[in-house]
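K.L.:
Protein chains in written order, with this note's numbering: chain W, 40 to 202; chain Z, 7 to 582.
Got a structure for you, questions after.
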Amino acid sequence: MRHVIAVLMENESGALSRVAGLFSARGYNIESLTVAPTEDPSLSRMTIVTRGNEAIIEQITKQLNKLIDVVKLLDLSEGPHIERELMLIKLNTEGEYRNEAQRLADIFRGNIIDVTPSSYVIEMTGDSDKLDAFVRAVDNERIVEVVRTGSSGISRGSRGLTL
Amino acid sequence: MELSGGEIIIRCLKDEGVEYVFGYPGGAVLHIYDALFRQDDVRHILVRHEQAATHAADGYARSTGKPGVVLVTSGPGATNAVTGIATAYMDSIPMVVLTGQVPQPVIGSDAFQEVDTVGITRPCVKHNFLVKSLDDLAITMKKAFYIATSGRPGPVVVDIPKDVTDPNTKIPYVYPEKVEIRSYHPVEKGHHGQIRNAVAAMQRAERPVIYSGGGVVLGEASEELTELTRLSGFPITNTLMGLGAYPATDRQFLGMLGMHGTYEANMAMYKTDVLVAIGARFDDRVTGKIEQFCPNAKIIHVDIDPASISKTIRPDIPIVGPVKQVLGDMIDTWKESAEDAEPQSLDKWWEQIEGWRSMNCLKYETNAEKIKPQECVETLYRITDGDLFLTSDVGQHQMWAAQYYKFDKPRRWINSGGLGTMGFGLPAAMGVQLAHKDAQVACVTGEASIQMCIQEMATCMQYGLPIKVVLMNNGYMGMVRQWQEFFYESRYSHSYVDALPDFVKMAESYGHVGMRVENPADLEAAMREAFAMKDRFVFLDVVVDPAENVYPMIEAGKPHNQMHLSPYLSSERELA
Ligand SMILES: Cc1ncc(C[n+]2csc(CCOP(=O)(O)OP(=O)(O)O)c2C)c(N)n1
Ligand SMILES: [Mg+2]
Numbered sequence: 040m041r042h043v044i045a046v047l048m049e050n051e052s053g054a055l056s057r058v059a060g061l062f063s064a065r066g067y068n069i070e071s072l073t074v075a076p077t078e079d080p081s082l083s084r085m086t087i088v089t090r091g092n093e094a095i096i097e098q099i100t101k102q103l104n105k106l107i108d109v110v111k112l113l114d115l116s117e118g119p120h121i122e123r124e125l126m127l128i129k130l131n132t133e134g135e136y137r138n139e140a141q142r143l144a145d146i147f148r149g150n151i152i153d154v155t156p157s158s159y160v161i162e163m164t165g166d167s168d169k170l171d172a173f174v175r176a177v178d179n180e181r182i183v184e185v186v187r188t189g190s191s192g193i194s195r196g197s198r199g200l201t202l
Numbered sequence: 007m008e009l010s011g012g013e014i015i016i017r018c019l020k021d022e023g024v025e026y027v028f029g030y031p032g033g034a035v036l037h038i039y040d041a042l043f044r045q046d047d048v049r050h051i052l053v054r055h056e057q058a059a060t061h062a063a064d065g066y067a068r069s070t071g072k073p074g075v076v077l078v079t080s081g082p083g084a085t086n087a088v089t090g091i092a093t094a095y096m097d098s099i100p101m102v103v104l105t106g107q108v109p110q111p112v113i114g115s116d117a118f119q120e121v122d123t124v125g126i127t128r129p130c131v132k133h134n135f136l137v138k139s140l141d142d143l144a145i146t147m148k149k150a151f152y153i154a155t156s157g158r159p160g161p162v163v164v165d166i167p168k169d170v171t172d173p174n175t176k177i178p179y180v181y182p183e184k185v186e187i188r189s190y191h192p193v194e195k196g197h198h199g200q201i202r203n204a205v206a207a208m209q210r211a212e213r214p215v216i217y218s219g220g221g222v223v224l225g226e227a228s229e230e231l232t233e234l235t236r237l238s239g240f241p242i243t244n245t246l247m248g249l250g251a252y253p254a255t256d257r258q259f260l261g262m263l264g265m266h267g268t269y270e271a272n273m274a275m276y277k278t279d280v281l282v283a284i285g286a287r288f289d290d291r292v293t294g295k296i297e298q299f300c301p302n303a304k305i306i307h308v309d310i311d312p313a314s315i316s317k318t319i320r321p322d323i324p325i326v327g328p329v330k331q332v333l334g335d336m337i338d339t340w341k342e343s344a345e346d347a348e349p350q351s352l353d354k355w356w357e358q359i360e361g362w363r364s365m366n367c368l369k370y371e372t373n374a375e376k377i378k379p380q381e382c383v384e385t386l387y388r389i390t391d392g393d394l395f396l397t398s399d400v401g402q403h404q405m406w407a408a409q410y411y412k413f414d415k416p417r418r419w420i421n422s423g424g425l426g427t428m429g430f431g432l433p434a435a436m437g438v439q440l441a442h443k444d445a446q447v448a449c450v451t452g453e454a455s456i457q458m459c460i461q462e463m464a465t466c467m468q469y470g471l472p473i474k475v476v477l478m479n480n481g482y483m484g485m486v487r488q489w490q491e492f493f494y495e496s497r498y499s500h501s502y503v504d505a506l507p508d509f510v511k512m513a514e515s516y517g518h519v520g521m522r523v524e525n526p527a528d529l530e531a532a533m534r535e536a537f538a539m540k541d542r543f544v545f546l547d548v549v550v551d552p553a554e555n556v557y558p559m560i561e562a563g564k565p566h567n568q569m570h571l572s573p574y575l576s577s578e579r580e581l582a
């Protein structure tokens, strides 16, 4: 099962490596990990996407909680939540493909943010499935490079993961 | 009062009530050593290798419950300390390790004696800190002691760049009384509803077993454990780390369980219907094959660390909390509810257990020519009236000591259980002896293990530590040899300990007393003679039967009911 875990942690050097180290030392899988400071500069918020059966996910959350730098965490996938990821994708648009690329970007609500005679850079946000779908939809031969941030997650409703 | 960084560190140690710092100097900690020189509140014990500093601090901590403190320099000082830090981490021992670091302006430049200490130690500490400013120093020290000693204890490393201890920079010293860490809240109390459920299950049990571990020792809950066990009349088994938490000479005690546990303890585990696990973590050396672990039991698990619960075995009734408080609550609840409903009679269960016990699984064959290692431990037990602080190294001798020395009190049996660190025994004994000046302290060891920290005989001489080393010299890395005999058709690949030194001369060259015993008839007298030298360090080289194996034995990954018993027992039974 895929799980999305939101972690609020001390914004200290080394905190990220504690989390990354925990996952590699215990052999847990990380699909993606994003981190940045929050509105409170002393705190960072991390979104970890991982996979595992119930027992593994239980251990992951317990072991994360055990890290002294972790203030709070929430398994977002236990309730309604939203995930968004940003992708920047550069396509080779030489010849016929310019129109097709633009049409696909429109359908997926992407923005073309850099244009040269032979290329587009398209910016797109969405959940990971949508970005996967876009990557599948464009002609594979046309992809120059893909940059994805990994998912950031937040719960739906009025409550939040705060201090 | 204005103090420099070095002075602040020493003042913090004093304010924490630290008696001893185990350390070794070097460039990055010279300012701290200078501050040490100018005071006499905190006593520094100079070891001969940084690994020994950590083990000595560890032995001090295990025997007192107070945190052990270590001071080492950057680079090789810190890396040498890592084995001892990992040892303490695996057994949840409170320890604060101060490491020097190169000055901040050169961090990251591969400066002389620079290593990323915080990075190297991260996976084997409860937490670590790099002190970046003098202003953070005192509060970081406070946090380090608080984290190391609270909740599930563990080692904390404080890495201190040399510029932070500069004697020319001084600031006012304030040591906080208390510290709040918003991201760290150890559980203070077990859930009462869960405790009631547990007690109800225990009172309905027909074949209960209490299985308790190192957590009871660390949590100072030995009295409560004993009371609950007596109150309930349940049989009890201890892990290697939990020995002494329940008096081993008591009838309800089944001995140690697990890979080298007793027949009765392991059989009881296999047949139990309610298992009460207290401060134990279901280590693989204890559980054997997970799928067949206590196959018919309802499992109650009490632990202070939520992550210990369901890590390998999923309990039916988990209770997260300090063992002392939880056991106290269990006792009260038991007393209240026992008035309403009479608990199950355990007579039949005890009858079955006594049947297993009558097998006498620890029996061994004595020999007129060769000293049996088991006999060596039994003699040690007898001549010391079971009243030793006994440290151990790692191997067969460790298992024999655990099996044959009956510990009636907690904090008396001191060994590296989780990491299994050879070289632990002698330096750990130094920490124990310093903490307990008038107590008898001994170290059982093997000729391979002792050579891993043997240089500490010099430390013992310098500080006049009257430790007794009991070397069970079988000429082999016996535990390795045993596995090779069983699982590699006796191909003894590199497990013969060749070119052994003359240990008697070696001890003498350090200024100590050395003795060697080869004949079973001389063993007891030699031991008595050694222990009679109250104020001398004595190295007793006991030549034991090299072919002896540790029994019973459950092969790794096998269930509790599949034990190899000593061939001597089976031959004896055939005769009968
Ligand atoms: C530092 C370290 N290296 C290797 C081992 C693996 N090991 C476990 S027991 C053992 C043999 C110990 O031999 P000895 O000290 O003579 O004890 P004996 O088993 O003979 O009683 C070895 C090599 C270990 N536990 N620790
Ligand atoms: Mg040996």
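All C-beta atoms in this analysis are idealised placements derived from N, C-alpha and C, irrespective of residue type, glycine included.
As the structure is a computational prediction, the values presented were derived from the model and not from experiment.
Would DSSP call residue 272 of chain Z helix, strand or coil?
P.N.:
Helix, per DSSP.
K.L.:
Could you tell me if the beta carbon of residue 527 of chain Z falls within a distance shorter than 8 Å of some heavy atom in ligand 2?
P.N.:
Incorrect: residue 527 of chain Z has no Cβ contact closer than 8 Å to ligand 2.
K.L.:
Please check if any C-beta of chain W sits within less than 9 Å of the C-beta of residue 125 of chain Z.
P.N.:
Yes, contact with chain W.
K.L.:
Taking the straight line between their C-alpha atoms, what separation do you get for residue 209 of chain Z and residue 287 of chain Z?
P.N.:
The straight-line gap from Cα to Cα measures roughly 24 Å.
K.L.:
List the residues of chain W whose Cβ lies closer than 7 Å to the Cβ of residue 317 of chain Z, in chain order.
P.N.:
By Cβ distance, chain W contributes 98.
K.L.:
Going along the chain, which residues of its own chain have a beta-carbon closer than 7 Å to the beta-carbon of residue 584 of chain Z, five neighbours each way excluded?
P.N.:
Here chain Z comprises residues numbered 7 to 582, so residue 584 of chain Z is not present and cannot be evaluated.
K.L.:
Starting from residue 287 of chain Z, find everything on chain W with Cβ-Cβ shorter than 8 Å and list it in chain order.
P.N.:
Result: empty, since nearest Cβ-Cβ is about 13 Å, beyond 8 Å.
K.L.:
Determine the extent of the beta strand (DSSP E) in which residue 48 of chain Z is found, giving its start and end residues.
P.N.:
First-last for residue 48 of chain Z: undefined, no H or E at that position.
K.L.:
Which runs of the alpha helix (DSSP H) spanning at least 4 residues fall entirely within the stretch 152-193 of chain W, listed in chain order?
P.N.:
List check, alpha helix (DSSP H) in window: 167-176.
K.L.:
What are the boundary residues of the beta strand (DSSP E) that includes residue 305 of chain Z?
P.N.:
Start and end: 304-309.
K.L.:
With DSSP run on the structure shown, which of helix, strand or coil describes residue 446 of chain Z?
P.N.:
Note: residue 446 of chain Z maps to coil in three-state DSSP.
K.L.:
Would you identify the three-state DSSP class for residue 129 of chain W, choosing helix, strand or coil?
P.N.:
The answer is strand: DSSP assigns residue 129 of chain W an E or B state.
K.L.:
Residues in the same chain with beta-carbon distance under 8 Å from residue 187 of chain Z, minus the five sequence neighbours each way, listed in chain order, please.
P.N.:
149, 152, 153.
K.L.:
For a cutoff of 9 Å on Cβ pairs, would you count residue 108 of chain W as touching chain Z?
P.N.:
Yes, residue 108 of chain W lies at the interface with chain Z (some Cβ there is under 9 Å from its Cβ).
K.L.:
Compare the C-alpha of residue 67 of chain W against each of W:50, W:84, W:40 and name the closest.
P.N.:
Of the candidates W:50, W:84, W:40, the one whose C-alpha sits nearest the C-alpha of residue 67 of chain W is W:40.
K.L.:
What's the gap between the Cα of residue 524 of chain Z and the Cα of residue 103 of chain Z?
P.N.:
Rounded to the nearest angstrom, the two C-alpha atoms are 42 Å apart.
K.L.:
Could you round the C-beta distance between residue 263 of chain Z and residue 340 of chain Z to whole angstroms and report it? I think they count as a contact, below 8 Å.
P.N.:
Going by Cβ atoms, the distance from residue 263 of chain Z to residue 340 of chain Z rounds to 23 Å, so no, they are not a contact pair.
K.L.:
Any C-beta of chain Z sitting closer than 9 Å to the C-beta of residue 60 of chain W?
P.N.:
Closer than 9 Å: yes.
K.L.:
Hey, out of Z:38, Z:66, Z:284, Z:56, whose CA is closest to residue 25 of chain Z's CA?
P.N.:
Cα-wise, what sits closest to residue 25 of chain Z is Z:66.
K.L.:
Are there any heavy atoms of ligand 2 lying less than 8 Å away from the beta-carbon of residue 274 of chain Z, as far as the coordinates show?
P.N.:
Result no, Cβ not under 8 Å from ligand 2.
K.L.:
Please state whether the Cβ-Cβ distance between residue 192 of chain Z and residue 157 of chain Z is less than 9 Å.
P.N.:
In contact: residue 192 of chain Z and residue 157 of chain Z (Cβ atoms closer than 9 Å).
K.L.:
Let me know the alpha helix (DSSP H) ranges lying completely inside the stretch 90-177 of chain Z, each 4 residues or longer, listed in chain order.
P.N.:
The stretch 90-177 of chain Z contains these whole alpha helix (DSSP H) runs: 123-127, 140-155.
K.L.:
Would you please state the rounded distance, in angstroms, between the beta carbons of residue 278 of chain Z and residue 303 of chain Z? I believe it to be under 8 Å.
P.N.:
Sure, about 5 Å apart at Cβ, within 8 Å.
K.L.:
Figure out for me which residue from W:54, W:60, W:72, W:140 has the closest Cα to the Cα of residue 178 of chain W.
P.N.:
Answer by Cα proximity: W:140.
K.L.:
Taking residue 42 of chain W as part of the beta strand (DSSP E), name the residues at either end of that continuous run.
P.N.:
Looking at the DSSP string, the run of the beta strand (DSSP E) that includes residue 42 of chain W is 41-49.
K.L.:
When the Cα atoms are used, what is the spatial distance from residue 75 of chain Z to residue 101 of chain Z?
P.N.:
When rounded, the distance between both Cα atoms is 6 Å.
K.L.:
Going by beta-carbon coordinates alone, are residue 126 of chain Z and residue 182 of chain Z separated by less than 9 Å?
P.N.:
Going by C-beta atoms, residue 126 of chain Z is not nearer than 9 Å to residue 182 of chain Z.
K.L.:
Whole alpha helix (DSSP H) runs in the stretch 28-85 of chain Z with 4 or more residues, listed along the chain?
P.N.:
36-43, 56-70, all fully within the stretch 28-85 of chain Z.
K.L.:
Using a C-beta to C-beta distance shorter than 8 Å, which residues of chain Z count as neighbours of residue 94 of chain W?
P.N.:
Within chain Z, the residues near residue 94 of chain W are 316, 320.
K.L.:
For residue 89 of chain W, list the residues DSSP reports as bridge partners.
P.N.:
W:42.
K.L.:
Could you name the residues of the stretch 186-200 of chain Z whose beta carbon sits closer than 8 Å to any beta carbon of chain W, in the order they occur along the chain?
P.N.:
Cβ contacts with chain W: 187, 188, 189, 190.
K.L.:
Please name the residue in W:112, W:197, W:193 whose C-alpha comes closest to that of residue 58 of chain W.
P.N.:
That would be W:112, whose Cα lies nearest to the Cα of residue 58 of chain W.
K.L.:
Roughly how far, in whole angstroms, is the beta-carbon of residue 552 of chain Z from the beta-carbon of residue 381 of chain Z, given that I think they are within contact range, below 8 Å?
P.N.:
14 Å between Cβ atoms; not a contact.
K.L.:
Near residue 160 of chain Z, what residues of its chain come up, given a Cβ to Cβ distance below 6 Å and the 5 sequence neighbours on each side ignored?
P.N.:
Closer than 6 Å at the Cβ level, and outside the excluded window around residue 160 of chain Z, lie 95, 98, 132.
K.L.:
Between residue 558 of chain Z and residue 269 of chain Z, which are expected to be in contact by the criterion C-beta below 8 Å, what is the C-beta distance as a whole number of angstroms?
P.N.:
At roughly 6 Å, the Cβ-Cβ gap stays under 8 Å, so residue 558 of chain Z and residue 269 of chain Z are in contact.
K.L.:
Quick one: Cα of residue 273 of chain Z to Cα of residue 562 of chain Z, how far?
P.N.:
In a straight line, the C-alpha of residue 273 of chain Z is about 16 Å away from that of residue 562 of chain Z.
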